[in-house]
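Engineer: In our numbering, the protein residues as written are 1 to 230.
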Amino acid sequence: VKEKLLEEDKTKKIFLAQHVPGFRECPIPGPNDPPYPSFYFHKVVMQTGHEFIRQGSVTPGVIYVLCRGTLDVRRHKKLKFDPASGLMTFIESEVSGEADEIVDVVSAGSLFGSCPQGKTQEPFTYVATSRVEVFKVNTKDLDFLPPGLLHQIQHHLSCLVSQRLKYSCVHRHFGWERRHNVLYSRRRRQVAVKPEKDYNDSIVKELEQRDLNTGILAGRCGEALHGFRH
Numbered sequence: 001v002k003e004k005l006l007e008e009d010k011t012k013k014i015f016l017a018q019h020v021p022g023f024r025e026c027p028i029p030g031p032n033d034p035p036y037p038s039f040y041f042h043k044v045v046m047q048t049g050h051e052f053i054r055q056g057s058v059t060p061g062v063i064y065v066l067c068r069g070t071l072d073v074r075r076h077k078k079l080k081f082d083p084a085s086g087l088m089t090f091i092e093s094e095v096s097g098e099a100d101e102i103v104d105v106v107s108a109g110s111l112f113g114s115c116p117q118g119k120t121q122e123p124f125t126y127v128a129t130s131r132v133e134v135f136k137v138n139t140k141d142l143d144f145l146p147p148g149l150l151h152q153i154q155h156h157l158s159c160l161v162s163q164r165l166k167y168s169c170v171h172r173h174f175g176w177e178r179r180h181n182v183l184y185s186r187r188r189r190q191v192a193v194k195p196e197k198d199y200n201d202s203i204v205k206e207l208e209q210r211d212l213n214t215g216i217l218a219g220r221c222g223e224a225l226h227g228f229r230h
């Protein structure tokens with residue numbers, strides 16, 4: 001039993017070193033030092049449909065590393081302010097029968113978690129689309145992680161949130177991406193390579209279209225501002 005536990009712990013450390021930013025740089029602790037960071041990553045198994053984090057909620061600090069399975073990162077844009085809780089909540093009458101937008105698909109080896117800023121409403125819902133296994137760092141254990149490791153993890157999560165918000169609220173909103181294109185944090189679709197001339201032409205057309213969309217938006221904002229002033 002002891003040998004099996006040691007082997008599982010070794011496999012866990014190797015996995016975390018491969019996928020968690022800053023983990024590889026953590027020194028091996030001495031006899032009187034705090035436990036190695038892997039001690040605070042606890043394995044949890046959840047079934048299909050489990051919501052790890054829900055959009056609009058204020059989730060205590062928590063970090064997940066996905067070992068097996070897949071998750072959808074979803075976003076519903078129709079929210080309303082609830083005076084009782086002081087939070088943005090779903091508009092139930094409009095949610096029924098209307099699917100959330102899938103912003104990203106998280107696969108094995110990816111990190112996800114609550115907003116690193118703390119006490120901030122979550123911009124996405126994370127839902128298991130299969131039986132999943134994760135390594136979880138609980139809220140009470142975050143302070144025990146080495147500061148350098150925690151900083152790198154939070155920076156990584158902040159970059160992911162920023163990238164997904166840009167994709168959902170800007171690129172998709174203005175149609176600056178191809179239909180049904182999803183980010184895929186780990187598994188990205190293979191794209192056929194176009195001839196150089198066709199590729200250059202497509203880039204020029206895309207930039208021209210973006211300039212046009214931006215010009216239209218600026219014009220509308222200018223009209224609205226002019227009307228407000230007068």
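Heads up, the beta-carbon is just placed ideally off N, CA and C, and yes, glycines get one too.
Is it the case that the Cβ atoms of Val-134 and Cys-67 are separated by a distance below 8 Å?
Structural biologist: Counting from 1 along the sequence shown, the entry for residue 134 is found at position 134. Counting from 1 along the sequence shown, the entry for residue 67 is found at position 67. Closer than 8 Å, so yes.
Engineer: Quick one: Cα of Val-45 to Cα of Leu-160, how far?
Structural biologist: As a first step, residue 45 must be located in the sequence shown, where it is residue number 45. As a first step, residue 160 must be located in the sequence shown, where it is residue number 160. Taking the straight line from one Cα to the other gives about 23 Å.
Engineer: Gly-113 to Ile-53, Cα distance in whole Å?
Structural biologist: On the sequence shown, residue 113 is found 113 positions in, with the first residue counted as 1. On the sequence shown, residue 53 is found 53 positions in, with the first residue counted as 1. Straight-line measurement puts the Cα of Ile-53 at about 8 Å from the Cα of Gly-113.
Engineer: Mapping the DSSP letters down to three states, classify Cys-115 as helix, strand or coil.
Structural biologist: Counted from its first residue, the sequence shown places residue 115 at position 115. The answer is coil: DSSP assigns Cys-115 none of H, G, I, E or B.
Engineer: Rounding to the nearest angstrom, what Cα-Cα distance links Lys-119 and Thr-48 in this structure?
Structural biologist: For this step, residue 119 is matched to residue 119 along the sequence shown. For this step, residue 48 is matched to residue 48 along the sequence shown. Cα to Cα, Lys-119 sits roughly 28 Å from Thr-48.
Engineer: Which word fits Leu-16, buried or exposed, when buried means at least 16 other C-beta atoms lie within 10 angstroms of its C-beta?
Structural biologist: Here residue 16 is taken as the residue at index 16 of the sequence shown, counted from 1. Its Cβ being crowded by 16 or more others within 10 Å, Leu-16 is buried.
Engineer: Could you compute how far the alpha carbon of Ser-38 sits from the alpha carbon of Pro-116?
Structural biologist: To locate residue 38, count along the sequence shown from 1; it is residue 38. To locate residue 116, count along the sequence shown from 1; it is residue 116. Rounded to whole angstroms, Ser-38 to Pro-116 spans 20 Å at the Cα level.
Engineer: Just mark Ser-168 as buried or exposed, buried being the case when its beta carbon has 16 or more other beta carbons within 10 Å.
Structural biologist: The count along the sequence shown starts at 1 and reaches residue 168 at position 168. Label assigned to Ser-168: buried.
Engineer: So is Val-137 buried or exposed if we call it buried at 16+ other beta carbons inside 10 Å?
Structural biologist: For the purposes of this step, residue 137 is identified with residue 137 of the sequence shown, where counting begins at 1. So Val-137 ends up on the buried side.
Engineer: Output needed for Pro-233: all residues of its chain with C-beta closer than 7 Å, excluding positions within five of it in sequence on either side, in chain order.
Structural biologist: Any question about residue 233 goes unanswered here, given that the chain covers just 1 to 230.
Engineer: Cutting at 7 Å between CB atoms, please list the residues of its own chain near His-156, excluding the five before and the five after it.
Structural biologist: Position 156 of the sequence shown holds residue 156. Only Pro-21, Leu-111 meet the Cβ criterion.
Engineer: Going by DSSP, name the residue or residues bridged to Val-105.
Structural biologist: On the sequence shown, residue 105 is found 105 positions in, with the first residue counted as 1. Bridge partners of Val-105: Asp-72.
Engineer: Am I right that Gly-109 and His-19 are in contact with their C-beta atoms under 8 Å? What's the rounded C-beta distance?
Structural biologist: Reading the sequence shown from its first residue, position 109 is the one you call residue 109. Reading the sequence shown from its first residue, position 19 is the one you call residue 19. About 4 Å; that satisfies the 8 Å criterion.
Engineer: So Gly-61 and Leu-142 are supposed to be a Cβ contact under 8 Å. How far apart are they, rounded?
Structural biologist: For the purposes of this step, residue 61 is identified with residue 61 of the sequence shown, where counting begins at 1. For the purposes of this step, residue 142 is identified with residue 142 of the sequence shown, where counting begins at 1. Confirmed, about 5 Å.
Engineer: As a quick exercise: from Phe-144, Ser-158, Thr-139, pick the residue whose alpha carbon is nearest that of Phe-124.
Structural biologist: Numbered from 1 along the sequence shown, position 124 holds the residue referred to as residue 124. For Phe-124, the closest C-alpha among the options Phe-144, Ser-158, Thr-139 is that of Ser-158.
Engineer: DSSP beta-bridge partners for Glu-51?
Structural biologist: Translated into the one-based positions of the sequence shown, residue 51 becomes position 51. In DSSP, Glu-51 forms a bridge with Val-127.
Engineer: Measuring CA to CA, which of Glu-51, Leu-165, Ile-63 is closest to His-42?
Structural biologist: The count along the sequence shown starts at 1 and reaches residue 42 at position 42. Taking the Cα of His-42 as reference, the smallest distance to any Cα among Glu-51, Leu-165, Ile-63 is reached at Ile-63.
Engineer: At what residues does the alpha helix (DSSP H) containing Val-1 begin and finish?
Structural biologist: Taking the sequence shown and counting its residues from 1, one reaches residue 1 at position 1. Val-1 -> no alpha helix (DSSP H), and no H or E assigned at all.
Engineer: Specify the secondary structure class of Leu-66 as computed by DSSP and reduced to three states.
Structural biologist: As a first step, residue 66 is located in the sequence shown; it is residue number 66 there, counting from the start. Strand.
Engineer: Tell me which same chain residues have a C-beta within less than 7 Å of the C-beta of Lys-166, skipping the five on either side of it?
Structural biologist: The sequence position of residue 166 within the sequence shown is 166, counting from 1. There are no such residues.
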